[in-house]
Amino acid sequence: MSNLDNGRAAIKNFMRENGVTMEDLATAYGYTRVRMQQIIDGHWSGPKANKTILEIIRDYRIR
């Protein structure tokens, strides 16, 4: 399983800089706020969580 900690950190930074809330991401990607928080914090991992991280990075062109 790949480690997406850099991607998670980039997403958190993007959220902070752009005023995007965890609730915003959860709604956009079909998760509860708690589940999205777990995905972003790395407490829930696996193929589906990794795919979500990659989708967020791709959709928002986070670099």
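Just so we're aligned: 61 in our numbering is position 31 of the sequence shown, and the numbers increase by one with no gaps anywhere.
Glycine is no exception: its CB is placed at the ideal position from the N, C-alpha and C atoms.
Here the structure is a predicted model, which means the values were calculated and not measured.
Residue i (DSSP reduced to helix, strand or coil)
{"i": "ILE92", "result": "coil"}
{"i": "LEU55", "result": "helix"}
{"i": "ASN33", "result": "coil"}
{"i": "ILE87", "result": "helix"}
{"i": "THR62", "result": "coil"}
Candidates the options, of which the one nearest residue i by Cα
{"i": "ILE69", "options": "THR82, ALA58, GLY60 and THR57", "result": "THR82"}
{"i": "ASP35", "options": "TYR61, TYR90 and HIS73", "result": "HIS73"}
Exposure of residue i, with buried meaning 16 or more beta-carbon neighbours within 10 Å
{"i": "ALA39", "result": "exposed"}
{"i": "LEU84", "result": "exposed"}
Nearest-angstrom beta carbon gap, residue j and residue i [assumed within contact, 8 Å]
{"i": "ALA56", "j": "ARG63", "result": "5 Å"}
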